[in-house]
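The structure appears below as structure tokens.
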Amino acid sequence: MARVLARSLSKKKIVTNEGKVIGTLKNLVVDFETGQVVDMIVQPDPSFDASGYRMEGDRMFVSFESVKDIKDYIIVDRYLSRK
């Protein structure tokens, strides 16, 4: 995947590879030792069933490993996005 600046990801919609809107990107979790992005912190869409996802309050965590493409939306594999 090509390099993408974190500021360009702000408030992007996150969508499954099947076209279902998961929510909006709020923040990233980064491993400071390796510099790798670990998780995305997402504000879930009200119509999305977040069961099976790691939740902390109203924030949902989606594994960054599940990202397949980043353009107008962040496309994630729905099976890899769960933890």
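Just so we're aligned: 65 in our numbering is position 65 of the sequence shown, and the numbers increase by one with no gaps anywhere.
Every residue, glycine too, gets a C-beta built ideally from N, C-alpha and C.
Query                                                                                                            : Result
Nearest-angstrom Cα separation, counted from Glu33 out to Asp49                                                  : 33 Å
Backbone CA spacing between Met40 and Asp72 [nearest angstrom]                                                   : 16 Å
Spatial neighbours of Val37 in its chain, beta-carbon cut-off 6 Å, leaving aside the 5 residues before and after : Leu28, Val30, Phe64
Ile70 vs Val4 beta-carbon contact at 8 Å                                                                         : yes
Ile14 versus Ser81: straight-line alpha-carbon distance, rounded                                                 : 11 Å
Close beta carbons around Met60, own chain, < 8 Å, minus the five adjacent residues each side                    : Ile22, Gly23, Ile41, Val42, Gln43, Pro44, Ala50, Tyr53, Arg54
Residue interval of the beta strand (DSSP E) (run including Ser51)                                               : No beta strand (DSSP E) holds Ser51; DSSP gives it neither H nor E.
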